[in-house]
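Each remark here refers to the structure printed beneath this line.
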Amino acid sequence: MRYLPLTEVDRRAMLARIGVPSIESLYRDVPEFARLAEPVELPAHLGELGVEREIGALAAKNIGCASVPSFLGAGAYRHHVPAAVDHLIQRGEFLTSYTPYQPEITQGTLQYLFEFQTQICLITGMEVANASMYDGATATAEAVMMANRVTRRKRAVLSGNLHPHYREVTETHARFLDFHLALGAPDPAGAEDLISRIDADTSCVVVQNPDFFGNLRDWRALGEACHKAGALLIVVVTEPVSLGLVEPPGAMGADIVTAEGQPIGNALTFGGPYVGLFAAREKYVRQMPGRLVGETLDADGKRGWVLTLSTREQHIRREKATSNICTNSGLCALAFTIHLTLLGEAGFTRLAEINHRTAVGLAERLGALPGCRVVNASFFNEFTLVLPKPAAEVVEALAKRRILAGVPVSRLHPNRPELANHLLVAVTECASESDQDALVAGLKETVHG
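Going by the working numbering, the sequence shown opens with residue 10, and the numbers climb by one from there.
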């Protein structure tokens with residue numbers, strides 16, 4: 010239930026039923042030193058109307074991305090989501106369904122997950138995809154563990170330009186599952202040499218494209234070096250809209266591709282829920298985490314869908330499981346699939362072109378400001394701008410003017426003082442000309458005012 014409707018009479022009746030005199034007596038086994046001497050300092054309870062007013066006042070302190078010029082990115086991107094997406098996913102048959110524990114009677118769920126997998130394969134250039142994961146970060150950690158199983162090695166090389174959150178999630182898994190990570194240093198120019206770090210113990214190399222700083226790179230040579238050494242190449246994509254224009258990881262020799270699906274069909278929603286994308290070469294399919302939906306024919310010869318592989322510990326013996334992910338981002342996956350279906354191949358490419366063209370135009374204007382410099386030789390819709398003063402100060406100053414200028418690199422790399430003046434600027438189709446004008450004017454005044 011949404012509320013706790015118990016009255017004092019209800020509480021006394023419950024206590025009498027279980028044979029204790031008071032609520033306090035329920036805690037008699039908790040040591041005295043572990044108990045609070047007085048109640049937690051929180052506001053007194055309110056009626057429903059009072060709570061709505063209180064929460065509304067707190068919410069009003071936030072600056073929403075949709076209400077002001079916003080150039081936030083760094084792994085979560087605001088794109089226009091057609092109204093049809095929200096309308097369709099709120100239909101009862103979609104909104105209330107969950108993971109297919111009895112797959113043979115959830116044909117509708119299996120069908121859209123099959124379509125979801127197909128779309129991932131098409132945009133990543135890979136051969137097989139699974140039926141959704143939590144988010145891009147956990148999918149990346151799962152990819153490294155999969156590479157360890159495939160190669161029977163336990164050393165993963167992580168690019169310094171991998172998103173810090175993705176690196177940290179992978180580090181957490183490594184700490185408890187006893188595998189080694191060779192971590193690179195962040196390089197805003199994107200000139201990192203990863204081939205020299207591959208050795209006979211390397212299970213995989215993890216790179217991002219576009220990387221954390223927005224750089225685009227061709228990873229073919231790295232892929233060849235990985236394969237020559239018996240390692241796998243894992244390519245991470247935090248902005249899947251880029252795949253409408255940028256050559257897909259599969260064409261660069263990637264063995265596993267992970268991505269964050271949020272930018273397609275899903276709102277920012279303060280950080281979640283999101284949906285992870287996961288694709289691989291077909292020869293590794295039995296080591297993939299999660300589940301895989303396949304197409305079949307029923308007894309009458311009609312087309313149908315089944316859980317072809319179910320490698321989660323819910324479905325098979327725990328020691329045989331390739332993943333402990335025990336839920337499904339199904340509704341987010343459906344939103345992704347509906348949005349991409351509405352766009353179609355031509356619309357997806359057109360959306361990517363708009364993003365890139367708009368970002369290039371704004372980068373030229375910002376790079377022309379005195380003391381400002383764009384570090385990227387190439388990028389998609391996000392680039393790194395070096396300012397003549399700390400980026401965090403500039404962002405805070407512009408936020409007071411209701412302009413969300415971007416993400417200071419120092420927020421995600423706090424121990425790198427050499428990156429203090431670096432600002433990540435993301436430009437999507439949602440950034441209007443007036444929004445861009447506001448950012449250019451705001452930066453000019455804030456940096457040199």
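Heads up, the beta-carbon is just placed ideally off N, CA and C, and yes, glycines get one too. Note that the structure is a prediction, hence the values are computed from the model and not measured.
Looking at the DSSP output, Asn224 sits in a beta bridge with Phe388. By the 16-neighbour rule on beta-carbons within 10 angstroms, Ser441 is exposed.
Between His457 and Ala435, the alpha-carbon positions lie close to 22 Å from each other. The DSSP assignment places complete beta strand (DSSP E) segments of no fewer than 3 residues inside the stretch 108 to 172 at 164 to 167, in order along the chain.
Annotation for Ala435: no alpha helix (DSSP H) segment contains it, though the beta strand (DSSP E) segment containing it runs 431 to 435. In the structure shown, His365 falls within a helical segment according to DSSP collapsed to helix, strand and coil.
By the Cβ rule, the stretch 245 to 264 counts as touching the stretch 215 to 224, because three or more pairs are nearer than 8 Å. Distances from the CA of Ala198 to each of Lys453, Leu394, Arg411 were compared; the closest alpha carbon is that of Leu394. The stretch 312 to 319 makes contact with the stretch 284 to 302; the number of CB pairs closer than 8 Å reaches 3 or more. Between Asn390 and Thr346, the beta carbon gap of about 22 Å keeps them out of contact (Cβ cut-off 8 Å). In the structure shown, the three-state DSSP call for Val214 is strand. Taken atom to atom, the span from the alpha-carbon of Asp187 to that of Ala68 is near 42 Å. Distances from the alpha-carbon of Gly84 to those of Ala66, Val166, Pro249 put Pro249 closest.
Three or more beta-carbon pairs separated by less than 8 Å link the stretch 279 to 287 to the stretch 146 to 164, which places the two stretches in contact. The count of Cβ pairs closer than 8 Å, one atom from the stretch 94 to 107 and one from the stretch 344 to 360, reaches three, so the stretches are in contact. Rounded to whole angstroms, Val137 and Thr350 show a C-alpha spacing of 19 Å. The C-alpha of Ala146 is placed about 19 Å away from the C-alpha of Gln296. By the neighbour-count criterion, in which a residue is buried when 16 or more other Cβ atoms sit within 10 angstroms of its Cβ, Val404 is buried.
The alpha helix (DSSP H) runs lying completely inside the stretch 246 to 283 and spanning 4 residues or more number zero. Taken atom to atom, the span from the alpha-carbon of Ala330 to that of Ser338 is near 19 Å. Ranked by Cα distance from Ile412, the options Glu63, Gly28, Glu454 are led by Glu454. His182 sits in a helix when the DSSP states are folded into three classes. If you check the CB distance, Leu190 and Arg162 do not come in under 9 Å. Distance between Val418 and Leu241, taken at the CA atoms: about 29 Å. Among the bridge pairs identified by DSSP, Glu304 is matched with Trp314. Per the C-alpha coordinates, the member of Asp210, Val246, Asp227, His431 positioned closest to Ala238 is Asp210. Counting only residues of its own chain and dropping the five nearest sequence neighbours on each side, Tyr175 has a CB closer than 7 Å to the CB of Gly145, Ala146, Thr149, Val245.
Bounds of the alpha helix (DSSP H) holding Ala230 are 229 to 237.
With 16 or more other Cβ atoms from the protein chains shown falling within 10 Å of its own Cβ, Ser141 counts as buried. Here Gln99 is exposed. Its C-beta has fewer than 16 other C-beta atoms within 10 Å. Along the length of the stretch 14 to 45, whole alpha helix (DSSP H) runs at least 4 residues long occupy 17 to 27, reported in chain order.
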